[in-house]
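Protein chains in written order, with full-length UniProt numbering: chain H, 1 to 237; chain A, 1 to 237.
Notes follow once the structure below has been shown.
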DNA sequence: CAGTGGTCTAGACCACTAC
DNA sequence: TAGTGGTCTAGACCACTGT
């Protein structure tokens, strides 16, 4: 494991277990670096992670402090830093995926543009309903280029596409761009999410990339408004 | 200006102006470091920023590449990295703020907890309607501790509270935690946002912190669903 | 003033990729 | 194997804070 990761994990554990008093600054970077037998840069990098998680804040010339409200807050909802797919995110819940549509087609202009592919590259067009503990949770409409994501079949779609990508195809997911908006329910939403005419849906539009920079997924996830909150931590630089 | 910021800006400009071919890796870090007369670490840090913006991706052992779709995408909507307040965000638009409520009160348990203050510390309780180019845009319900954010008055509320905080009070905003959800419109929403019974709203709940780690704002911004999209870039580490 | 974090350097070695 | 990015070091100086 990388040194800065190990140190970061250890410091996170200490803070959660209140090893350090939340009323005082934690030890300064040089002392911690000595304790962990690393350079100050590496110590700094380890603490940077906790700062970006909203667990610590720094005051130049003064010290590094614990953000009290962070200690007992465990992030239960989907965050900004995660990009896992439902299966891993709600690993302890019973998840069911039913396939509403599973086609191969030529991409529209919009889809081709988002996936950075030519219009003659076939794309999978998948619509799935995901249920959590038997309750409808989200409808996902997904486009994936067939040349990149191969061997997709109904068995995979009933389970986890993300696991297929990372474990079977040995690809590495690098990140995504997302847009989040509220919308009125479509007929499809009402039917499958079992929502009323005046129940809003929360839509997450996403383009996800591999570590090669190639977009492998363009998707719209439409969530029941009463079952999904998108969380985000923003730290100004 | 910091060296890595300058370099980062220059590289962003070059990429946008297609100084580098998008089909090839950009020059390696050591060459760029020589060109910019900096160490490789500093060059790396400058490029890190562009990677986190979704403009570049790296392939270890291979090089650093431009994400094509990023070149012409200008971020028009609110992003994850911004925390500015409307006034600065839409600086070229005509923004009008009307005050629906402006009170001082003792905080509820929930508000006291979010702002990390005692229940005997008075908080401002503000409701504003923000209009952009004459059209209703968002209703903001905001709680701010009166001991931290002082000298708040109607004049400030008609303009920019963020400017008041940064310029008049000389405080530094460090970041925020946000939750985004869809909701049905309340009576207040319908009245001021001029939306129908079945028009959803997009709610952004936010706790914003100063660089001292003290929360200074707990707010709910309720947006018309047809006028607001929340954007987010997520890069896996 | 002493002590803190912010930036930057000039190197080193390692892990991975393409050839 | 050569070239790339990823990590890490041991220092340096600077900017800012509180006393």
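Glycine residues also receive a C-beta, built at the ideal position from the N, C-alpha and C atoms.
As the structure is a prediction and not an experimental result, all values here were calculated from the model.
Where the alpha helix (DSSP H) containing residue i begins and where it ends
i             : result
residue 42/H  : 40 to 52
residue 30/H  : 29 to 35
residue 112/H : 109 to 114
Where residue i meets chain A, residues with beta-carbon distance less than 9 Å
i             : result
residue 197/H : 198
Cutoff 7 Å: residue i Cβ touching any chain A Cβ
i             : result
residue 160/H : no
residue 239/H : Outside the displayed range of chain H (1 to 237) lies residue 239/H, so it cannot be described from this structure.
residue 218/H : no
residue 31/H  : no
residue 182/H : yes
residue 169/H : no
residue 116/H : yes
residue 221/H : no
residue 11/H  : no
C-beta neighbour in chain H for residue i, strict 7 Å
i             : result
residue 44/A  : no
residue 202/A : yes
residue 68/A  : yes
residue 225/A : yes
residue 7/A   : no
residue 192/A : no
residue 87/A  : Note on residue 87/A: pLDDT 49, under 50, position unreliable in the model; no value is reported.
Partners in chain H for residue i, counting only beta-carbon separations shorter than 9 Å
i            : result
residue 54/A : 175, 176, 177 and 209
Span of the beta strand (DSSP E), counted from its first residue to its last, around residue i
i             : result
residue 99/A  : 95 to 105
residue 221/A : 215 to 224
residue 59/H  : 56 to 59
residue 15/A  : Note, residue 15/A: premise wrong, no beta strand (DSSP E); alpha helix (DSSP H) at 3 to 16.
residue 228/A : Segment: none, residue 228/A is in no beta strand (DSSP E) and carries neither H nor E.
residue 66/H  : 63 to 66
Whole-number beta carbon distance between residue j and residue i, since they are thought to touch under 8 Å
i             : j             : result
residue 136/A : residue 192/A : 6 Å
residue 223/A : residue 121/A : Actually they do not touch by this definition, with Cβ atoms about 29 Å apart.
residue 124/H : residue 100/H : Contact flag wrong, Cβ pair sits at about 13 Å.
residue 209/H : residue 176/H : 7 Å
residue 115/H : residue 143/H : 7 Å
residue 282/A : residue 7/A   : Because residue 282/A is not part of the residues shown, which for chain A are 1 to 237, the question remains open.
residue 183/H : residue 200/A : 7 Å
residue 140/H : residue 221/H : 5 Å
residue 154/H : residue 94/H  : With a Cβ gap of about 19 Å, residue 154/H and residue 94/H do not count as contacting.
residue 146/H : residue 104/H : 6 Å
residue 179/H : residue 229/A : 5 Å
residue 25/A  : residue 63/A  : 3 Å
Any non-hydrogen atom of the ligand ATP closer than 6 Å to residue i Cβ
i             : result
residue 216/H : No copy of the ligand ATP appears in this structure; indeed no ligand is present at all.
*Quick one: complete alpha helix (DSSP H) runs, 4+ long, within the stretch 118 to 202 of chain A?*
The stretch 118 to 202 of chain A contains these whole alpha helix (DSSP H) runs: 154 to 158 and 187 to 192.
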